[in-house]
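A short write-up of the structure that comes next.
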Amino acid sequence: MPAIDRPITELLASGPPKLSVEFFPPKNEDGGQQLLRSAEAIRPYRPDFVSITYGAGGTTRERTFKYAKILREEFGWLVMPHLTCVGSTRGELLDIVAGYHADGIRNIMALRGDPPKGQTEFVPSPDGLRYASDLIALIRENFPDMCLGAGAYPEKHPEAASMDDDLAHLKIKAEAGASFLTTQLFFDNEHYFRFLGRCRELGINLPVLPGLLPALSLAQVQRFGPMCGSSLPRALVEQLQVVENEPRAAEAVGVTWAYHQMKELLRSGAPGIHLYILNRSGPAITLARSLEREAA
Ligand SMILES: Cc1cc2nc3c(=O)[nH]c(=O)nc-3n(C[C@H](O)[C@H](O)[C@H](O)COP(=O)(O)OP(=O)(O)OC[C@H]3O[C@@H](n4cnc5c(N)ncnc54)[C@H](O)[C@@H]3O)c2cc1C
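Just add 659 to wherever you are in the sequence shown, counting from 1, and you've got our numbering.
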């Protein structure tokens, strides 16, 4: 009998603030080694759970599965694999979930996914699903004991016509059976606080885990920000501009920025922090150490 994982909602509801880190499944052997080195470096800081993404276009089905297994079995972590609707039929999606379920995994981040490169509009696969809420409903119906994370967008999903529309859709996602929400990255906490207030007004009472990206460089945030619909505070841009050609100094700026965000979020009652670490350990370790200090 495989060990059965604890639902993340149970963790979020108890004890000190939680730390989760996000890995992505590497494309090749070198990338795989880098992921494992980072995981090894992070291990002593005991993240409460880790997630492993599902590649754009549904291209990493096997690799997500493989690294979820490694991180769970070799590192002993509570692992939440991501799953998107892209490129799969309902039957295929259920097969993937069944595989995780049989292994004892009980947490999945259920997403729609982005349209493939070059396409602006999301077109569901034949016999596939259109929205994350459809995936959540499908999993909830067939695997009622799965704890389901869902994506949330404090600055609005880029395709949504308005924040009101996006929140109405988020409510559908919550009612379909999402267990908790993890946000898209943001650099200004005001977006999170405002978003949380709107959720509560609308009766969306799920835990909302804030997602932070410790910035690595000006070029990186200028690429990621618009891609994710996340605005860049002028102060952050100016600080990164000063150290544009000094990677270590730029990383320090990014980590310090994320540290101040984290401190304020936790002080305001956020259930924890989710770090988009892009398979790098350095920023995660610095922030995990600070989190220990904050909790002490
Ligand atoms: C925490 C997090 C993790 C992520 N991990 C991955 C990953 O591993 N792999 C990956 O490829 N991508 C990932 N993404 C990106 C995500 O796939 C994209 O943002 C995608 O464009 C939307 O996914 P979603 O699940 O939020 O979609 P949905 O909730 O379905 O929303 C997509 C759009 O449709 C609208 N919408 C939703 N429901 C309805 C409805 N019923 N009627 C009309 N409109 C509706 C929404 O307002 C929104 O504009 C992640 C995002 C987040 C926040």
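The C-beta atom is built at its ideal place from N, Cα and C for all residues, glycine as well. Everything numeric in this text was worked out from a predicted model, so none of it was measured.
**OP:** Go to Q843, then tell me how far its alpha helix (DSSP H) extends in each direction, as first and last residue.
**Re:** Looking at the DSSP string, Q843 is not in any alpha helix (DSSP H); the run it does join, the beta strand (DSSP E), is 839–844.
Original post:
Should H828 be listed as close to ligand 1, given that the test is whether its C-beta is under 7 Å from any heavy atom?
Top reply: yes
Original post:
How would you label G777, buried or exposed, when you count the other beta carbons within 10 angstroms and need 16 or more for buried?
Top reply: exposed
**OP:** Look up E681 in the DSSP assignment and give the residues it is bridged to.
**Re:** S710, Y935
Original post:
With respect to 7 Å, is the separation between the Cβ of L871 and the closest non-hydrogen atom of ligand 1 below this value?
Top reply: no
**OP:** Indicate, with yes or no, if ligand 1 has a heavy atom lying under 7 Å from the CB of E780.
**Re:** no
Original post:
So N848 is in the alpha helix (DSSP H); what residue range does that whole segment cover?
Top reply: 848–860
**OP:** State yes or no: is the C-beta of P810 nearer than 7 Å to some heavy atom of ligand 1?
**Re:** Note on identity: in this sequence residue 810 is Gly, with Pro being the wrong assignment. Within the cutoff, so yes.
Original post:
Hey, would you say L934 sits closer than 8 Å to V738, going by beta carbons?
Top reply: no
Subject >> Spatial distance of Y759 from T668 (CA atoms) >> reply: 18 Å
Original post:
Is the beta carbon of Y713 within less than 7 Å of some heavy atom of ligand 1?
Top reply: yes
Original post:
What does a CB cutoff of less than 7 Å around L872 pick up in its chain, not counting 5 residues either side in sequence?
Top reply: L844, F883, Y935
**OP:** Report yes if the C-beta distance between L770 and T748 is below 8 Å; otherwise report no.
**Re:** no
Original post:
Is L934 near ligand 1, with its Cβ less than 7 Å from a heavy atom?
Top reply: no
**OP:** Select from V709, A811, F852 the residue whose C-alpha is nearest the C-alpha of R926.
**Re:** F852
Original post:
In chain order, what residues of the same chain lie with their CB nearer than 8 Å to the CB of R799, ignoring the 5 residues before and after it?
Top reply: M805, L807, A835, G836
**OP:** Please confirm if the region 670–678 is in contact with the region 700–709, defined as three or more CB-CB distances below 8 Å between the two stretches.
**Re:** yes
Original post:
Between the region 880–894 and the region 855–868, do three or more beta carbon pairs fall short of 8 Å?
Top reply: no
Original post:
Thinking C-beta only, is A820 closer than 8 Å to D773?
Top reply: no
Original post:
What do you reckon, is the C-beta of S679 under 7 Å from a heavy atom of ligand 3?
Top reply: Ligands displayed in this structure: ligand 1; ligand 3 is not among them.
Subject >> Per DSSP, cross-strand counterpart(s) of N766 >> reply: C806
**OP:** Could you work out which residue in A698, L695, T945 is closest to M921 when comparing CA atoms only?
**Re:** T945
Subject >> Best match in A917, D689, L826, W736 for proximity to S792 [C-alpha to C-alpha] >> reply: L826
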